[in-house]
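Visitor: Throughout the sequence shown, residue numbering follows our numbering, covering 356 to 514 in sequence.
Beta carbons are placed, not taken as given, at the ideal position from N, Cα and C, and that holds for glycine.
Computed from a predicted structure; not experimentally measured.
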Amino acid sequence: MATNMPHTPLDDLDRRILNALQEDNRLSFAELAERVASSAASCMRRVRRLREEGVIVADIALVDPQAVGKSLTVVVNIELESERLDLIDAFKRDMRSAPEVTQCYMVTGDADFVIVVVVEDVAAFETFTKERLYANPNIRKFRSMIMLDRVKFEARVRF
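1. On the CB-based measure, 16 or more other CB atoms within 10 Å of its CB, does PHE480 come out buried or exposed?
2. So VAL474 and PHE483 are supposed to be a Cβ contact under 8 angstroms. How far apart are they, rounded?
3. Based on the DSSP secondary-structure assignment, which residues constitute the bridge partners of THR328?
4. Whole angstroms are fine: how far does the CA of HIS362 sit from the CA of LEU376?
5. According to the Cβ coordinates, are VAL430 and VAL471 closer than 8 angstroms?
6. With SER394 and ASP476 assumed to form a contact (beta carbons below 8 angstroms), what rounded beta-carbon distance in angstroms separates them?
7. Quick one: what's MET500 bridged to in DSSP?
8. Going by Cα to Cα distance, which pick from ARG448, ASP366 and THR457 is closest to LEU417?
9. Return the chain-ordered ranges of every beta strand (DSSP E) run that is complete within the stretch 381 to 438 and spans a minimum of 3 residues.
10. Considering TYR460, what are the terminal residues of the beta strand (DSSP E) in which it resides?
11. Going by CA-CA distance only, name the one from LEU405, ASP465 and ALA466 that's closest to PRO364.
12. Note the first and the last residue of the continuous alpha helix (DSSP H) segment covering ASP369.
13. What is the rounded straight-line gap between the Cα of SER437 and the Cα of PHE497?
14. Rounded to a whole number of angstroms, what is the C-alpha to C-alpha distance between ALA396 and ARG451?
15. What's the C-alpha gap between LEU435 and ARG403?
16. Give the single residue among MET399, ASP441, ALA392 and THR428 whose Cα lies nearest to the Cα of ASN380.
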């Protein structure tokens, strides 16, 4: 996981490595080296450094929610009653611990937070709202937007 180490500035080879790994992180170092026009040893050293410095934060598999029975995705804008630091921290902890919440962002503008909730169906979302949102006395209001179509989804940073 990320460390407090300062990041070494990224050069062109680092960026090519990151782009290749974001497309397929199962590449062997030999395959990675071929894709980025470098040596396997150099790629191995750089990937190790990028992980140690927290540039690469995880190696994960992206799962299609519908393939595992999670057919409802909801984006929720949340306004808090109070912006006291302890209450904000409590809300963040609650969202981190909620398995239905796949993303949570503290934002500027009309909402204080935007969360993405992935659940089986409307009944499961209703249960989530009762247990996590309505039950929280620091939530002034929330607005839900049910996703109809995933037009674009990328879990990568482009260089």
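Guide: For this structure:
1. In the sequence shown, counting from the first residue as 1, residue 480 sits at position 125. The residue in question, PHE480, is buried, as its Cβ has 16 or more Cβ neighbours within 10 Å.
2. Indexing the sequence shown from 1 puts residue 474 at position 119. Indexing the sequence shown from 1 puts residue 483 at position 128. Between the beta-carbon of VAL474 and that of PHE483 there is about 6 angstroms, and that keeps the pair under the 8 angstroms contact cut.
3. Outside the shown range of the chain, which is 356 to 514, sits residue 328, and nothing can be said about it.
4. Position 21 of the sequence shown holds residue 376. Position 7 of the sequence shown holds residue 362. Across the structure, LEU376 and HIS362 are spaced so that their CA atoms are roughly 18 angstroms apart.
5. For the purposes of this step, residue 430 is taken as residue 75 along the sequence shown, with counting starting at 1. For the purposes of this step, residue 471 is taken as residue 116 along the sequence shown, with counting starting at 1. The answer is yes: Cβ separation under 8 angstroms.
6. For the purposes of this step, residue 394 is identified with residue 39 of the sequence shown, where counting begins at 1. For the purposes of this step, residue 476 is identified with residue 121 of the sequence shown, where counting begins at 1. Actually they do not touch by this definition, with Cβ atoms about 51 angstroms apart.
7. Translated into the one-based positions of the sequence shown, residue 500 becomes position 145. Bridge partners of MET500: VAL430.
8. What you label residue 417 is simply residue 62 of the sequence shown in a count that begins at 1. Of ARG448, ASP366 and THR457, the residue nearest in Cα terms is THR457.
9. If we require 3 residues or more, the beta strand (DSSP E) runs fully inside the stretch 381 to 438 come out as 427 to 435.
10. Residue 460 sits at position 105 when you count from the first residue of the sequence shown. From DSSP, the beta strand (DSSP E) with TYR460 extends over 456 to 461.
11. If you number the sequence shown from 1, residue 364 lands on position 9. When only C-alpha atoms are compared, the closest one is LEU405.
12. What you label residue 369 is simply residue 14 of the sequence shown in a count that begins at 1. Going by DSSP, ASP369 is part of the alpha helix (DSSP H) stretching over 367 to 378.
13. Locating residue 437 in the sequence shown gives position 82, counting from the first residue. Locating residue 497 in the sequence shown gives position 142, counting from the first residue. A direct Cα-Cα distance of roughly 14 angstroms separates SER437 from PHE497.
14. The residue given as residue 396 occupies position 41 in the sequence shown. The residue given as residue 451 occupies position 96 in the sequence shown. Roughly 37 angstroms separates the two Cα atoms.
15. In the sequence shown, residue 435 corresponds to position 80, counting from 1. In the sequence shown, residue 403 corresponds to position 48, counting from 1. Each residue's CA atom was taken as its position, placing LEU435 and ARG403 some 41 angstroms apart.
16. Reading the sequence shown from its first residue, position 25 is the one you call residue 380. Of the candidates MET399, ASP441, ALA392 and THR428, the one whose C-alpha sits nearest the C-alpha of ASN380 is MET399.
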